[in-house]
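Protein chains: 2
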Amino acid sequence: MALIVQKYGGTSVGNPDRIKNVATRVKQYRDKGDQVVVVVSAMSGVTDGLIKMAKEIMPLPSEREMDMLLATGEQTTIALTAIALHALNIEATSLTGAQAGIVTDGVHTKAKIQNITPKAVHDLLDAGKVVIVAGFQGQTSEGHITTLGRGGSDLTAIALAAALKADLCQIYTDVDGVYTADPRIVPTAKKLPEISYDEMLELASLGAKVMQSRSVEFAKKFGVVFEVRSSLNDNPGTIVKEETPSMEGVVIRGVSLDKNQAKVTLVGVPDKPGVASLVFQSIAEANINVDMIVQNISHGSGTPATDLSFTVDKPELLKARKVIEGLKSTIGYREVIANEGIGKLSIVGVGMRSHPGVAAKMFDTLAKNGVNIDMISTSEIKISVVVDLAKGESAMKAVHAAFLG
Amino acid sequence: MALIVQKYGGTSVGNPDRIKNVATRVKQYRDKGDQVVVVVSAMSGVTDGLIKMAKEIMPLPSEREMDMLLATGEQTTIALTAIALHALNIEATSLTGAQAGIVTDGVHTKAKIQNITPKAVHDLLDAGKVVIVAGFQGQTSEGHITTLGRGGSDLTAIALAAALKADLCQIYTDVDGVYTADPRIVPTAKKLPEISYDEMLELASLGAKVMQSRSVEFAKKFGVVFEVRSSLNDNPGTIVKEETPSMEGVVIRGVSLDKNQAKVTLVGVPDKPGVASLVFQSIAEANINVDMIVQNISHGSGTPATDLSFTVDKPELLKARKVIEGLKSTIGYREVIANEGIGKLSIVGVGMRSHPGVAAKMFDTLAKNGVNIDMISTSEIKISVVVDLAKGESAMKAVHAAFLG
Numbered sequence: 095m096a097l098i099v100q101k102y103g104g105t106s107v108g109n110p111d112r113i114k115n116v117a118t119r120v121k122q123y124r125d126k127g128d129q130v131v132v133v134v135s136a137m138s139g140v141t142d143g144l145i146k147m148a149k150e151i152m153p154l155p156s157e158r159e160m161d162m163l164l165a166t167g168e169q170t171t172i173a174l175t176a177i178a179l180h181a182l183n184i185e186a187t188s189l190t191g192a193q194a195g196i197v198t199d200g201v202h203t204k205a206k207i208q209n210i211t212p213k214a215v216h217d218l219l220d221a222g223k224v225v226i227v228a229g230f231q232g233q234t235s236e237g238h239i240t241t242l243g244r245g246g247s248d249l250t251a252i253a254l255a256a257a258l259k260a261d262l263c264q265i266y267t268d269v270d271g272v273y274t275a276d277p278r279i280v281p282t283a284k285k286l287p288e289i290s291y292d293e294m295l296e297l298a299s300l301g302a303k304v305m306q307s308r309s310v311e312f313a314k315k316f317g318v319v320f321e322v323r324s325s326l327n328d329n330p331g332t333i334v335k336e337e338t339p340s341m342e343g344v345v346i347r348g349v350s351l352d353k354n355q356a357k358v359t360l361v362g363v364p365d366k367p368g369v370a371s372l373v374f375q376s377i378a379e380a381n382i383n384v385d386m387i388v389q390n391i392s393h394g395s396g397t398p399a400t401d402l403s404f405t406v407d408k409p410e411l412l413k414a415r416k417v418i419e420g421l422k423s424t425i426g427y428r429e430v431i432a433n434e435g436i437g438k439l440s441i442v443g444v445g446m447r448s449h450p451g452v453a454a455k456m457f458d459t460l461a462k463n464g465v466n467i468d469m470i471s472t473s474e475i476k477i478s479v480v481v482d483l484a485k486g487e488s489a490m491k492a493v494h495a496a497f498l499g
Numbered sequence: 095m096a097l098i099v100q101k102y103g104g105t106s107v108g109n110p111d112r113i114k115n116v117a118t119r120v121k122q123y124r125d126k127g128d129q130v131v132v133v134v135s136a137m138s139g140v141t142d143g144l145i146k147m148a149k150e151i152m153p154l155p156s157e158r159e160m161d162m163l164l165a166t167g168e169q170t171t172i173a174l175t176a177i178a179l180h181a182l183n184i185e186a187t188s189l190t191g192a193q194a195g196i197v198t199d200g201v202h203t204k205a206k207i208q209n210i211t212p213k214a215v216h217d218l219l220d221a222g223k224v225v226i227v228a229g230f231q232g233q234t235s236e237g238h239i240t241t242l243g244r245g246g247s248d249l250t251a252i253a254l255a256a257a258l259k260a261d262l263c264q265i266y267t268d269v270d271g272v273y274t275a276d277p278r279i280v281p282t283a284k285k286l287p288e289i290s291y292d293e294m295l296e297l298a299s300l301g302a303k304v305m306q307s308r309s310v311e312f313a314k315k316f317g318v319v320f321e322v323r324s325s326l327n328d329n330p331g332t333i334v335k336e337e338t339p340s341m342e343g344v345v346i347r348g349v350s351l352d353k354n355q356a357k358v359t360l361v362g363v364p365d366k367p368g369v370a371s372l373v374f375q376s377i378a379e380a381n382i383n384v385d386m387i388v389q390n391i392s393h394g395s396g397t398p399a400t401d402l403s404f405t406v407d408k409p410e411l412l413k414a415r416k417v418i419e420g421l422k423s424t425i426g427y428r429e430v431i432a433n434e435g436i437g438k439l440s441i442v443g444v445g446m447r448s449h450p451g452v453a454a455k456m457f458d459t460l461a462k463n464g465v466n467i468d469m470i471s472t473s474e475i476k477i478s479v480v481v482d483l484a485k486g487e488s489a490m491k492a493v494h495a496a497f498l499g
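Which chain is which? The protein sequence lines are X and Y, in order. Residue 417 in the numbering used here is what sits at position 323 of the first sequence, and the numbering runs on without skipping anything. Residue 295 in the numbering used here is what sits at position 201 of the second sequence, and the numbering runs on without skipping anything.
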């Protein structure tokens, strides 16, 4: 008998029939005697519909009220999922995030889980029930409803698995697992049987849309081994876990292309201490996540000046640009350039630590394919380059072919 | 400065534009310096849509899970209403029933309010905010989400008005107030400027669809004076309050026709003690509300036998019939007849206490119009008759003309 946490995303619970399918799958585990906690997202399309209504009323609605509004999406799904289990004669009880003991900070729409008191979940499991928990949501210690932001349901599942000391955490999604590259772009991409947290983290943050980084970070921090697998078939998925020695034998685990980034460049920034700090503090205060940052050496005569570039998620470009424009008189840069037409191509693998020449091979491949490199950023286990968006996919295919066949 | 509780039903908040209208009305009171608590229902159609999905999964879903599901309807509206007030620069905060301190018993889908701890509401009002409370819902002391059943949002408003000692409670709906009869059926019907709790109670229980009886009962018990008025115009509505001496001058306050009743008759019931008690205990245990009960004197030779008739809400007819059929061997009646083709026509007025001959005049009017009377039931301030459904409306017009012109 194992304690299993299963998470089903919006597509997997997209209509009453799919919810019945989820119930059937849960029953398979229950019939084996496993204890099951099910975390569900809002039915696909529901959250967007709610956001649309809110924006019809006010373009920038209050974040507290958006949380109140969006939390209804998952609450709907938990009730329907419990009913679907009842229809199969499985005892099941639904819990909102608050009822499941998920306590967050008060940063509405992007709340962080502070702690989980899973007493209610334990009690229900002990009573022989399947427990259905609303993903994506929690409440503050003062009782305000909060949501966890993008990928929040994965986070709920992994955090619950940690708090419950679950034996297994399964993230059901509409893909079969983690691939060496997006199979829709690179037909030769292969499914990975396993991957380390760090590699998954890099892939997640690089736009391989399987999971948000924060959930993987959380899993790594608390040592939660989880499996990413499809809710549409019974194929084994990809196990995400601590790095093992055998993983180093593979040079590159995967290739990813992030088309959702945009680039902001401050041209002619006076090269003096405190400028970068001012820029990125202001950006952080506006709650905008910055990804790559590149600053070149100073040039020019007189006061030395430099160019400072960074990338943000495309939807935040306007907001970021506004922040930067508000700093013009303080910093005294010459101009600001925003560019949405970029793609970030990355290769990831813990093996690159012990295999020299990986960067050279990647750049060479791009050069041979006529792809110009705009920005470069590296970490211990990944290399990212920003390229022209139009050339992104062909560049991805070429790099995948060079490293992964 | 007054403290006002306003309740808006599903039609009044049926889409984002209507929610904006609600916000505009709230602003009018806020601009005068009033403190406003707004209670809202689910947007019209939303609850039905949720029920439909649940029934697609399972015909008789768990009542706890239905509460979990349906509570999302009001939660959606409170968030959108708060946002609509923000759009008008009015500070506003939404609260679920649970957050507003509404504690109920554990009878899911028909919970009763046990107490209200309106501390959160008071704190927000003191901070200068409009408070938007989800109608129709609460939570048990163990933290389960409950709903209050039909008309539950009115009850929330009136209970909050009592708990907050509000100066005024306004029930906004899609009719102008309480009429002497349904104006869609009786074109000469007139709007009543005021009505006593007892009269309203009789009208409510008699199918004048303005309000459910339990809300009026609650208002009477706690002395909450409330106004029923339209959210579509600024006309004064009908004030519902304690009976005043002047109300007795009017013989009949109103005429109502309830087409939503069905009749069950047990034919040939052995006339011995305990039979009626057994029937109505079993019906009560199945949570079916019985309205009229009529038993005729015994007849027949040998063991005396009688016929026992009662009416229930149409949707509960099948359930009631099943219960009765389950009692056949225990009771030993001859047969059971169910009839959906009935209408209950009633006249109501505290004045009938001091005006003799009201019943005679009603029966005479019906006879002259060729309407046969099937069952009769009276209280101190109302007379109800069951008639053929097909003749209900013409009977109603005739009775209205005879008493109210």
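Ideal Cβ placement from N, Cα and C applies to all residues, glycine included.
**Distance between beta carbons of Y266(Y) and Y123(Y), contact taken as under 8 Å** = On the second sequence, residue 123(Y) is found 29 positions in, with the first residue counted as 1. On the second sequence, residue 266(Y) is found 172 positions in, with the first residue counted as 1. So it is not a contact: roughly 12 Å between Cβ atoms.
**Message:** Taking 8 Å as the cut-off, does the stretch 341 to 351 of chain X touch the stretch 374 to 394 of chain X (at least 3 CB pairs, one atom from each stretch)?
**Reply:** no
**Request:** Identify which residue in E157(X), V444(X), A356(X), V132(X) has its Cα closest to the Cα of E168(X).
**Result:** For the purposes of this step, residue 168(X) is taken as residue 74 along the first sequence, with counting starting at 1. It is V132(X) whose Cα lies nearest to the Cα of E168(X).
**Request:** Can you tell me the Cβ-Cβ gap for S135(X) and S247(X), rounded? I've got them flagged as a contact below 8 Å.
**Result:** Taking the first sequence and counting its residues from 1, one reaches residue 135(X) at position 41. Taking the first sequence and counting its residues from 1, one reaches residue 247(X) at position 153. About 4 Å; that satisfies the 8 Å criterion.
**Asked** Shorter than 8 Å from the beta carbon of K114(Y) to some beta carbon of chain X?
**Response** For the purposes of this step, residue 114(Y) is taken as the residue at position 20 of the second sequence. At least one chain X Cβ lies under 8 Å of K114(Y).
**Asked** What residues of chain Y sit near Q169(X), judged by a beta carbon separation below 8 Å?
**Response** Within the first sequence, numbered from 1, the residue matching residue 169(X) stands at position 75. The contacting residues are M162, L163, A165, T166, Q169.
**Asked** What beta strand (DSSP E) runs, 3 residues minimum, are completely inside the stretch 163 to 237 of chain Y?
**Response** 186 to 189, 196 to 198, 207 to 210, 224 to 228, 231 to 233
**Request:** Please list the segments of the beta strand (DSSP E) lying wholly inside the stretch 254 to 278 of chain X, counting only runs of 3 or more residues, in order along the chain.
**Result:** 262 to 267
**Request:** Taking all protein chains shown into account, decide if F316(Y) is buried (16 or more other Cβ within 10 angstroms of its Cβ) or exposed.
**Result:** If you number the second sequence from 1, residue 316(Y) lands on position 222. With fewer than 16 Cβ atoms within 10 Å of its Cβ, F316(Y) is classed as exposed.
**Request:** Taking C-beta pairs closer than 9 Å, name the residues in chain Y that P155(X) reaches, listed in chain order.
**Result:** Locating residue 155(X) in the first sequence gives position 61, where the first residue counts as 1. In chain order: A173, L174, A176, I177, H180, A181.
**Prompt:** Taking 8 Å as the CB-CB cut-off, is A148(X) touching chain Y?
**Reply:** For the purposes of this step, residue 148(X) is taken as residue 54 along the first sequence, with counting starting at 1. Yes, A148(X) counts as interfacial toward chain Y.
**Asked** Do the CB positions of T332(X) and V417(X) come within less than 8 Å of each other?
**Response** To locate residue 332(X), count along the first sequence from 1; it is residue 238. To locate residue 417(X), count along the first sequence from 1; it is residue 323. No, the Cβ-Cβ distance between T332(X) and V417(X) is not below 8 Å.
**Listed by chain order, chain X residues near L249(Y) by CB distance under 9 Å** = On the second sequence, residue 249(Y) is found 155 positions in, with the first residue counted as 1. The contacting residues do not exist; L249(Y) stays about 21 Å from chain X at best.
**Prompt:** Quick one, which residues of the stretch 131 to 143 of chain X are near chain Y if we go by CB-CB under 8 Å, in chain order?
**Reply:** none
**Asked** By DSSP, does K101(X) sit in helix, in strand, or in coil?
**Response** Taking the first sequence and counting its residues from 1, one reaches residue 101(X) at position 7. K101(X) falls in the strand class under three-state DSSP.
**Request:** Determine whether the Cβ of I145(Y) lies closer than 8 Å to any Cβ atom of chain X.
**Result:** The sequence position of residue 145(Y) within the second sequence is 51, counting from 1. Taking Cβ atoms only, chain X never reaches closer than 8 Å to I145(Y), which makes this a no.
**Message:** Under 8 Å, Cβ to Cβ, is there at least one residue of chain Y near I151(X)?
**Reply:** As a working mapping, residue 151(X) is identified with position 57 in the first sequence. Yes, I151(X) counts as interfacial toward chain Y.
**Prompt:** Closest to L174(Y) by CA distance: which of S188(Y), Q100(Y), D161(Y) is it?
**Reply:** Position 80 of the second sequence, counted from the first residue, corresponds to residue 174(Y). Ranking S188(Y), Q100(Y), D161(Y) by Cα distance to L174(Y) puts S188(Y) first.
**Prompt:** Does the stretch 202 to 213 of chain Y come close enough to the stretch 276 to 295 of chain Y that 3 or more CB-CB pairs lie under 8 Å?
**Reply:** no
**Asked** Any residues in the stretch 187 to 214 of chain Y with a beta carbon nearer than 7 Å to a beta carbon of chain X? Which ones, in chain order?
**Response** S188, Q193
**Message:** Quick check on DSSP: helix, strand or coil for Q355(Y)?
**Reply:** Counted from its first residue, the second sequence places residue 355(Y) at position 261. Strand, per DSSP.
**Asked** Rounded to whole angstroms, how far is the Cβ of G435(X) from the Cβ of L360(X), which I believe are closer than 8 Å?
**Response** On the first sequence, residue 435(X) is found 341 positions in, with the first residue counted as 1. On the first sequence, residue 360(X) is found 266 positions in, with the first residue counted as 1. In fact, because the Cβ distance is near 18 Å, the residues do not count as touching under 8 Å.
**Asked** Which first and last residues belong to the alpha helix (DSSP H) in which N115(X) is found?
**Response** Locating residue 115(X) in the first sequence gives position 21, counting from the first residue. 110 to 125 is the span of the alpha helix (DSSP H), which, as asked, contains N115(X).
**Request:** Determine the DSSP secondary structure at R347(X), reduced to helix, strand or coil.
**Result:** Counted from its first residue, the first sequence places residue 347(X) at position 253. DSSP places R347(X) in coil when its eight states are reduced to three.
**Coil, strand or helix - T250(Y) by DSSP** = Within the second sequence, residue 250(Y) is the residue found at index 156, counting from 1. Of the three classes helix, strand and coil, the one that applies to T250(Y) here is helix, per DSSP.
**Request:** Quick one: residues in its chain with C-beta nearer than 8 Å to the C-beta of Q389(X), no 5 flanking neighbours on either side, listed in chain order?
**Result:** Sequence index remark: in the first sequence, residue 389(X) carries index 295 (1-based). Counting only Cβ-Cβ distances below 8 Å, and skipping sequence neighbours, we find A370, T400, D401, L402, S403.
**Request:** Kindly identify the DSSP beta-bridge partner or partners of S478(X).
**Result:** Translated into positions along the first sequence, residue 478(X) becomes position 384. In DSSP, S478(X) forms a bridge with S440(X), S471(X).
**Message:** Going by DSSP in three states, T141(Y) sits in which element: helix, strand or coil?
**Reply:** In the second sequence, counting from the first residue as 1, residue 141(Y) sits at position 47. In the structure shown, T141(Y) sits in a helix (DSSP, three-state: H, G or I).
**Message:** Beta-carbon within less than 6 Å of S471(Y)'s beta-carbon, same chain only, minus the 5 sequence neighbours each way: which residues are those?
**Reply:** As a working mapping, residue 471(Y) is identified with position 377 in the second sequence. Closer than 6 Å at the Cβ level, and outside the excluded window around S471(Y), lie M386, S478.
**Straight-line gap, G104(X) to S138(X) (C-alpha atoms, nearest Å)** = Here the question's residue 104(X) lines up with position 10 in the first sequence. Here the question's residue 138(X) lines up with position 44 in the first sequence. Using only the alpha carbons, I get a separation of about 4 Å.
**Request:** Enumerate in chain order the residues of its own chain whose CB-to-CB distance from K335(X) is below 6 Å, with the five nearest sequence positions on each side excluded.
**Result:** Counting from 1 along the first sequence, the entry for residue 335(X) is found at position 241. The residues are V319.
**Asked** Looking at the structure shown, is L402(Y) part of a helix, part of a strand, or coil, going by DSSP?
**Response** Here residue 402(Y) refers to the residue found at position 308 of the second sequence. Here L402(Y) sits in strand by DSSP.
**Item:** Per DSSP, cross-strand counterpart(s) of I387(X)
**Value:** Along the first sequence, read from residue 1 onward, the residue named residue 387(X) stands at position 293. Partner(s): F404(X).
**Request:** Please determine, among G451(Y), M469(Y), Q264(Y), the residue with the shortest C-alpha to C-alpha distance to G437(Y).
**Result:** Locating residue 437(Y) in the second sequence gives position 343, counting from the first residue. The candidate whose alpha carbon is nearest that of G437(Y) is M469(Y).
**Message:** Going by DSSP, what residue range makes up the alpha helix (DSSP H) through V132(Y)?
**Reply:** The residue labelled residue 132(Y) in the question sits at position 38 within the second sequence. Unbroken run through V132(Y) is the beta strand (DSSP E), 129 to 134; no alpha helix (DSSP H).
**Prompt:** Can you name the residues of chain B whose CB is closer than 7 Å to the CB of E185(Y)?
**Reply:** No chain B appears in the structure shown, which is made up of the protein chains X and Y.
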